[in-house]
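Below is one structure, written out as structure tokens, with a few remarks after it.
2 protein chains.
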Amino acid sequence: MEQAENTARAQRNPDQTRQRILEAAFMEIYRNGFQGMRLDEVLAATRLTKGALYHHFPNKQALGYAVVDEVILPTMQAMWVQPLRGAEEPLGALVEVIEQMVDSKPPEMIQYGCPLNNLAQEMSPLDEGFRQRLDYAFAIWHDSVQAALEQAQRLGQIRKDCNCDEIATFVLAAMEGCIGLAKAAQSRERLRTCNRGLIQFLQSLKAH
Amino acid sequence: MEQAENTARAQRNPDQTRQRILEAAFMEIYRNGFQGMRLDEVLAATRLTKGALYHHFPNKQALGYAVVDEVILPTMQAMWVQPLRGAEEPLGALVEVIEQMVDSKPPEMIQYGCPLNNLAQEMSPLDEGFRQRLDYAFAIWHDSVQAALEQAQRLGQIRKDCNCDEIATFVLAAMEGCIGLAKAAQSRERLRTCNRGLIQFLQSLKAH
DNA sequence: TATTCTACCAACCAGCCGGTATGCAGGCAA
DNA sequence: TTGCCTGCATACCGGCTGGTTGGTAGAATA
Chain A
58 MEQAENTARA
68 QRNPDQTRQR
78 ILEAAFMEIY
88 RNGFQGMRLD
98 EVLAATRLTK
108 GALYHHFPNK
118 QALGYAVVDE
128 VILPTMQAMW
138 VQPLRGAEEP
148 LGALVEVIEQ
158 MVDSKPPEMI
168 QYGCPLNNLA
178 QEMSPLDEGF
188 RQRLDYAFAI
198 WHDSVQAALE
208 QAQRLGQIRK
218 DCNCDEIATF
228 VLAAMEGCIG
238 LAKAAQSRER
248 LRTCNRGLIQ
258 FLQSLKAH
Chain B
58 MEQAENTARA
68 QRNPDQTRQR
78 ILEAAFMEIY
88 RNGFQGMRLD
98 EVLAATRLTK
108 GALYHHFPNK
118 QALGYAVVDE
128 VILPTMQAMW
138 VQPLRGAEEP
148 LGALVEVIEQ
158 MVDSKPPEMI
168 QYGCPLNNLA
178 QEMSPLDEGF
188 RQRLDYAFAI
198 WHDSVQAALE
208 QAQRLGQIRK
218 DCNCDEIATF
228 VLAAMEGCIG
238 LAKAAQSRER
248 LRTCNRGLIQ
258 FLQSLKAH
């Protein structure tokens, strides 16, 4: 009788509950921004109540911080950092990652943009706690791109006089800019066009 | 007696009142986003009341639209489009505009980023009215960059095989990306670093 | 089996926020 | 002067939103 009523609810699994809250909060933030996220919407999505949320997180801000640390940062690493790890063709791997994002699994990339950059743009001037966490994520990302460029340099794929630190920073900026422009246009084609420019830049670094 | 009380208030000047509301609303949106803008704050800044605001604008959305049309778009044109108009050295003018934005008059550029892009990132997926207006502003901007590039091409400053349309799109994306990254870091130095990458890209277009 | 603690629910609350209703002073036409 | 319309001010409201409080069922502990 009880099992027939609601199989999903009754079981006591705090870690999973916390994770469900985090993921629902992430989606709400992704779509509406942190200020636009409504806790009631998160609870409706998880079919939980205020009590559950405030048992796992002291307030909305802490929930936001946790979303950065435990959802956005790991996702970013899996999507952008991991593919560059120890690639034999670092420059090619970089280009490939850029091209892949056009037809990336989540089709929301064009509609809603980059979760990391969205939150950074919204919250960096308003909340130092957010800013530090998001800037840290950018730093991780930057270092992986820089490492790939330096490896490409060692392999003679790009010129020796390139400042890999500086270029990595610009590549990050350009990628976020491309995604942002595509989002503003709500157009996947715009992202393709934009990315071609970025790839053209990377090609211009090649040694010949 | 009446003149001594409050010289600024009493005079009946609807156009100026409307303009004051627009500028205060712009600053609020610039700092907190459209969703984060509170009408009460706008009214506090202008020392007006609800009656005045709702006399000039039917609702919050319409106020936001008016800010785009009457503040953000003209400002963008003055800052980015105008300097490229009929420049004898279009490529040099482009580089100069980019370099100037590092030490631009409003020091809030690093703190709060680009008003146009901020709003585009926040509202494009949520409100088609905003999206169209902001996309239109981007189109104006794009066309002016494209025209400058094509002029540079005619003058033999950049290679003939460059796709100026595509490059202009990428340049826009890169500029917004640079500003965004600097905002995320809250660092003027980051903007300088980032801009050097963009200028390096523009140099790579040169014919030799 | 009695006790305790964890995980969560249900109900409520205060403050804010967009929006409205109403009133009224001053310019302007007649 | 009279009346009218524009340009605001004042006061108010309903609903939403983050946050709180008291309780309780079930697992863990003893």
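Respectively, the protein sequence lines represent chains A and B.
This note's numbering puts the first sequence at residues 58 to 265.
This note's numbering puts the second sequence at residues 58 to 265.
Glycine residues also receive a C-beta, built at the ideal position from the N, C-alpha and C atoms.
Whole-angstrom distance between residue j and residue i, CA atom to CA atom
i	j	result
residue 254 (chain A)	residue 82 (chain B)	36 Å
residue 63 (chain A)	residue 120 (chain A)	For residue 63 (chain A), the predicted model reports a pLDDT of 33, less than 50, meaning its position is unreliable; a value from the coordinates is still stated below. Cα to Cα, the separation comes out at about 27 Å.
residue 233 (chain B)	residue 232 (chain A)	10 Å
residue 176 (chain A)	residue 105 (chain A)	25 Å
residue 198 (chain B)	residue 79 (chain A)	39 Å
residue 88 (chain B)	residue 235 (chain B)	19 Å
residue 220 (chain A)	residue 265 (chain B)	22 Å
residue 75 (chain A)	residue 84 (chain A)	14 Å
residue 142 (chain A)	residue 111 (chain B)	57 Å
residue 209 (chain B)	residue 245 (chain A)	29 Å
residue 58 (chain B)	residue 125 (chain A)	Residue confidence for residue 58 (chain B) is low, a pLDDT of 31 falling below 50, so the modelled location carries little weight; the figure read from the coordinates is stated next. Rounded to the nearest angstrom, the two C-alpha atoms are 59 Å apart.
residue 123 (chain B)	residue 147 (chain A)	48 Å
residue 137 (chain B)	residue 184 (chain A)	30 Å
residue 163 (chain A)	residue 116 (chain A)	29 Å
residue 103 (chain B)	residue 73 (chain B)	11 Å
residue 100 (chain A)	residue 127 (chain A)	19 Å
residue 167 (chain A)	residue 132 (chain A)	17 Å
residue 247 (chain A)	residue 207 (chain B)	20 Å
residue 156 (chain A)	residue 228 (chain A)	14 Å
residue 98 (chain A)	residue 165 (chain A)	19 Å
residue 77 (chain B)	residue 193 (chain A)	39 Å
residue 71 (chain A)	residue 263 (chain A)	52 Å
Outcome for residue i when other beta-carbon atoms lying within 10 angstroms are tallied against a minimum of 16
i	result
residue 240 (chain B)	buried
residue 113 (chain B)	buried
residue 169 (chain B)	buried
residue 66 (chain A)	In this predicted model, residue 66 (chain A) has a pLDDT of only 40, less than 50, meaning its place in the structure is not dependable enough to derive any value.
residue 95 (chain B)	exposed
residue 242 (chain A)	buried
residue 139 (chain A)	exposed
residue 179 (chain B)	buried
residue 60 (chain A)	Any reading at residue 60 (chain A) needs caution, since the residue's pLDDT is 31, under 50, leaving its predicted position unreliable; the model's value is listed next. Classification for residue 60 (chain A): exposed.
residue 69 (chain B)	exposed
residue 230 (chain A)	buried
residue 212 (chain A)	exposed
Proximity below 8 Å, CB of residue i to CB of residue j
i	j	result
residue 86 (chain A)	residue 152 (chain A)	no
residue 237 (chain B)	residue 252 (chain A)	no
residue 118 (chain A)	residue 92 (chain B)	no
residue 182 (chain A)	residue 129 (chain A)	no
residue 159 (chain B)	residue 249 (chain B)	yes
residue 258 (chain B)	residue 258 (chain A)	yes
Inter-residue CB distance, residue i and residue j (contact presumed, cutoff 8 Å)
i	j	result
residue 135 (chain A)	residue 144 (chain A)	Their Cβ separation, rounded to whole angstroms, is 15 Å, which puts residue 135 (chain A) and residue 144 (chain A) out of contact at 8 Å.
residue 90 (chain A)	residue 90 (chain B)	7 Å
residue 261 (chain B)	residue 261 (chain A)	4 Å
Closer than 7 Å: residue i CB and nearest the ligand PLP heavy atom
i	result
residue 250 (chain B)	Questions concerning the ligand PLP fall outside what the structure shown contains, since it holds no ligand whatsoever.
- May I ask you to verify whether the stretch 179-190 of chain B touches the stretch 198-210 of chain A, counting CB pairs closer than 8 Å and requiring at least 3? no
- Message: With three or more C-beta pairs closer than 8 Å as the rule, is the stretch 214-225 of chain B touching the stretch 210-225 of chain A?
- Response: no
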